[in-house]
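Each residue of the sequence shown is one higher than the last, beginning at 2 in the working numbering. C-beta: ideal position from N, C-alpha, C; glycine also.
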Amino acid sequence: MSLGIQEIGVYIPEKRISNLELKEKFNIDDTFIEKKIGVKQRAVKEPTEKASDLCVKAFENLKQKVDINKDEIDCCIVVTQNPDTPIPHTSAIVHAKLGLKEDCACFDISLGCSGYVYGLAVALSFMEKMGLKKGLLFTADPYSEIIDPEDKNTVLLFGDAATVTLLSEEGTLALKKALFATEGKNFEALTIKNGRLYMNGRAVFNFVLTKVPNQIKRLLEESKLSLEDIDLFLLHPGSKYMVDMLAGRLKLPKDKVPFDMLGYGNTVSSSIPIMLEKFLPKKDIKRILISGYGVGLSWASAILERV
Numbered sequence: 002m003s004l005g006i007q008e009i010g011v012y013i014p015e016k017r018i019s020n021l022e023l024k025e026k027f028n029i030d031d032t033f034i035e036k037k038i039g040v041k042q043r044a045v046k047e048p049t050e051k052a053s054d055l056c057v058k059a060f061e062n063l064k065q066k067v068d069i070n071k072d073e074i075d076c077c078i079v080v081t082q083n084p085d086t087p088i089p090h091t092s093a094i095v096h097a098k099l100g101l102k103e104d105c106a107c108f109d110i111s112l113g114c115s116g117y118v119y120g121l122a123v124a125l126s127f128m129e130k131m132g133l134k135k136g137l138l139f140t141a142d143p144y145s146e147i148i149d150p151e152d153k154n155t156v157l158l159f160g161d162a163a164t165v166t167l168l169s170e171e172g173t174l175a176l177k178k179a180l181f182a183t184e185g186k187n188f189e190a191l192t193i194k195n196g197r198l199y200m201n202g203r204a205v206f207n208f209v210l211t212k213v214p215n216q217i218k219r220l221l222e223e224s225k226l227s228l229e230d231i232d233l234f235l236l237h238p239g240s241k242y243m244v245d246m247l248a249g250r251l252k253l254p255k256d257k258v259p260f261d262m263l264g265y266g267n268t269v270s271s272s273i274p275i276m277l278e279k280f281l282p283k284k285d286i287k288r289i290l291i292s293g294y295g296v297g298l299s300w301a302s303a304i305l306e307r308v
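Here's what the structure looks like:
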């Protein structure tokens with residue numbers, strides 16, 4: 002049997018901060034918040050919580066859906082750019098908090114919004130090559146730690162969350178072809194300056210609208226598939242306007258492009274698995290295209306097929 006996605010656990014903090022309360026401060030209205038940004042309120046972790054704590058809570062959610070013997074977990078991978086500490090890797094801390102076995106491979110992947118696509122490809126390839134049976138792929142990027150509350154370009158967008166994807170031979174979605182790309186020369190469009198997140202919104206928007214549609218078209222062409230062959234397009238919700246424009250460029254029907262961040266925000270590498278978790282049980286959805294794009298500048302797209 003081949004490896005695939007068996008189940009997904011999700012943790013979104015209960016605490017919310019309303020964007021509607023910031024209308025006067027930033028001179029914006031309800032239409033801008035709902036139609037352009039697409040975030041009415043943002044999920045925010047507690048100040049004492051770290052990325053590893055969010056991962057543990059996502060794992061607790063996973064355990065409610067599927068029986069897990071922790072001694073059978075062969076690898077633990079964490080996608081994050083906001084680790085607990087620079088040293089050690091956050092996956093080692095998650096390993097300790099979950100009480101995983103000693104002979105369990107642990108490593109982090111430092112990627113942002115393209116991180117889930119990369120993470121799936123790296124984790125599944127690693128597991129298949131090494132003969133591993135079960136693995137945990139976490140995503141956790143608590144951007145509330147680096148957001149400048151006075152920066153309109155970022156404070157209205159990002160929320161905190163974590164997910165964990167159980168990868169095993171009992172998976173119901175298999176990873177097919179994937180494509181990856183980088184435009185490192187423009188890394189300063191989305192970076193850290195003086196300890197805070199900086200984003201050139203216009204540059205990032207133009208990058209996404211220029212690069213991502215071509216990658217998706219190429220992915221379909223190399224997979225010998227058409228847009229009609231895809232049941233669902235899970236596009237990273239950088240903003241409502243961005244997803245709407247991407248869908249328009251690709252001429253995608255709205256019912257195939259769900260948008261889900263109105264109540265919690267852009268959760269970076271967690272955005273795609275949060276959406277995917279809702280559709281995982283729906284057996285009528287046979288083929289899903291996922292695409293993430295952002296920090297790097299980096300973009301990655303892949304096709305998932307039901308087995």
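query	result
Pairwise C-alpha distance: residue 195 and residue 176	39 Å
Extent of the continuous beta strand (DSSP E) to which residue 18 belongs	17-19
Option nearest residue 232 by Cα separation, candidates 257, 80, 206	257
DSSP-derived helix/strand/coil call for residue 306	strand
Option nearest residue 185 by Cα separation, candidates 69, 218, 294	294
Cut-off 6 Å between Cβ atoms - residues of its own chain near residue 272, not counting five sequence neighbours on either side	237, 238
Reference residue 122; option with closest CA among 166, 252, 145	166
Reduced DSSP secondary structure (H/G/I, E/B, other) of residue 56	helix
Residues near residue 181 in its chain [Cβ-Cβ closer than 6 Å; skip 5 each side]	301
Segment contact flag, the segment 30-49 with the segment 60-74, C-beta cutoff 8 Å, min 3 pairs	no
Delimiting residues of the beta strand (DSSP E) encompassing residue 8	5-12
Nearest candidate by alpha-carbon position, reference residue 240, set 226, 249, 267, 227	267
Meets three-Cβ-pair contact criterion under 8 Å: the segment 43-58 and the segment 76-92	yes
Distance between beta carbons of residue 57 and residue 99, contact taken as under 8 Å	7 Å
Three-state secondary structure (DSSP) of residue 82	coil
Cα-Cα separation between residue 218 and residue 102, rounded to whole angstroms	42 Å
Cα-Cα separation, residue 125 to residue 37	36 Å
Residues bridged to residue 267 [DSSP beta-bridge criterion]	159
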